[in-house]
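Working notes for the structure below.
Residue numbers (our numbering): 127 to 419.
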């Protein structure tokens with residue numbers, strides 16, 4: 127009797143899961159498998175025929191100077207932006223959870239960049255770099271600011287990072303604030319009685335207790351920055367030259383501008399694998415740190 131009930135419940139659960147599994151397979155599994163097959167062809171995106179060429183696209187990618195250049199830029203951009211955005215987010219979150227005047231106003235102000243589209247932000251900052259900052263540089267007689275920072279290979283990287291950190295910090299601030307508010311105030315009071323300085327309290331109390339928030343923020347930020355596309359398109363288009371061409375922009379250029387869909391799909395899958403590997407490494411080490419604490 128119990129076995130019959132168990133079987134009936136199992137069939138009922140499978141029946142309820144079936145629509146979700148069908149949608150998952152249609153929108154995720156099938157496109158992924160189709161992308162793997164397409165990456166092994168020389169399809170130009172127009173013709174009906176796809177010539178199977180095996181792993182040639184993957185082999186050629188690792189000897190493609192343009193792909194390696196875009197990959198190097200993407201890694202550097204993602205690493206620097208992730209570190210800076212998390213440092214700024216922790217600092218601002220700590221200030222916001224403390225007893226300061228107009229606390230709710232500042233919370234809304236710092237969250238505002240997260241509401242805007244990244245493409246819109248890119249176009250706005252492009253005008254700031256093109257018009258306002260050179261004007262300000264002329265007025266203050268600061269030579270480095272007198273030209274468009276986006277048109278100079280020596281400054282374009284940091285110009286992009288500034289915009290990215292400004293926007294990315296908004297969401298991270300909210301996550302860190304939630305983590306900081308879970309820390310009992312009594313812990314800080316005990317540390318203060320023991321004579322611990324502010325910096326020591328941060329490294330021995332605050333930082334260890336918000337490791338779960340750090341894990342989430344590092345993974346979210348790194349994933350977002352490795353997939354950067356909107357800022358590059360809106361602000362530089364990959365220039366000057368190919369100095370700011372990210373992997374995602376290269377994938378678009380290969381597929382839609384150069385009609386190399388097979389090769390572009392191979393590059394997209396390589397980026398997907400890189401993001402998965404980096405995410406697993408982050409989770410492994412940060413979760414291990416959580417267990418130790």
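Note that the Cβ used here is the ideal one computed from N, Cα and C, for glycine as well.
Measure the alpha-carbon distance for residue 376 versus residue 139 and round it to whole angstroms. 44 Å
Which residue spans inside the segment 213-253 form an unbroken alpha helix (DSSP H) run of at least 4? 229-241 and 244-253
Below 7 Å CB to CB, which residues in the same chain sit around residue 406 once its five sequence neighbours on both sides are set aside? none
Determine the extent of the alpha helix (DSSP H) in which residue 356 is found, giving its start and end residues. 356-361
Roughly how many angstroms separate the alpha carbons of residue 224 and residue 232, rounded to a whole number? 12 Å
In whole angstroms, what is the alpha-carbon distance linking residue 306 and residue 327? 13 Å
Assuming the contact rule is C-beta atoms closer than 8 Å, residue 389 and residue 399 should be a hit. Round their C-beta distance to whole Å, please. So it is not a contact: roughly 16 Å between Cβ atoms.
Take the Cβ of residue 409 as the centre, count every other Cβ of all protein chains shown within 10 Å, and call the residue buried at 16 or more, exposed below. exposed
When you compare only the Cα positions, how much space is there between residue 297 and residue 237? 7 Å
Work out the CA separation of residue 317 and residue 311 for me, nearest whole Å. 10 Å
Please classify residue 127: does DSSP put it in a helix, a strand, or coil? Note that residue 127 has pLDDT 48, beneath the 50 cutoff, so the model's placement of it is unreliable and the number below is only indicative. Looking at residue 127 - three-state DSSP - the assignment turns out to be coil, as it is neither helix nor strand.
Extent of the continuous alpha helix (DSSP H) run through residue 183: 182-187
Residue 167 bridges to which residues according to DSSP? 178
Along the chain, where does the alpha helix (DSSP H) containing residue 312 start, and where does it finish? 311-319
Which residues in the same chain as residue 240 place their Cβ atom closer than 6 Å to its Cβ, once the five residues preceding and following it in sequence are excluded? 296 and 297
I need the DSSP call for residue 267, collapsed to helix, strand or coil. coil
Decide if residue 177 is buried, meaning its Cβ has at least 16 other Cβ atoms within 10 Å, or exposed. exposed
For residue 282, I'd like the list of residues in its chain whose CB is within less than 7 Å of its CB, leaving aside the five on either flank, ordered along the chain. 275, 276, 362, 366, 369 and 370
Expressed to the nearest angstrom, what Euclidean distance is found between the alpha-carbon atoms of residue 291 and residue 175? 44 Å
Just to confirm my understanding: we take residue 395, look at its own chain, exclude 5 residues before and 5 after, and list those with CB closer than 8 Å. What are they? 161, 162 and 165
What three-state label does DSSP hand residue 207 in the structure shown? helix
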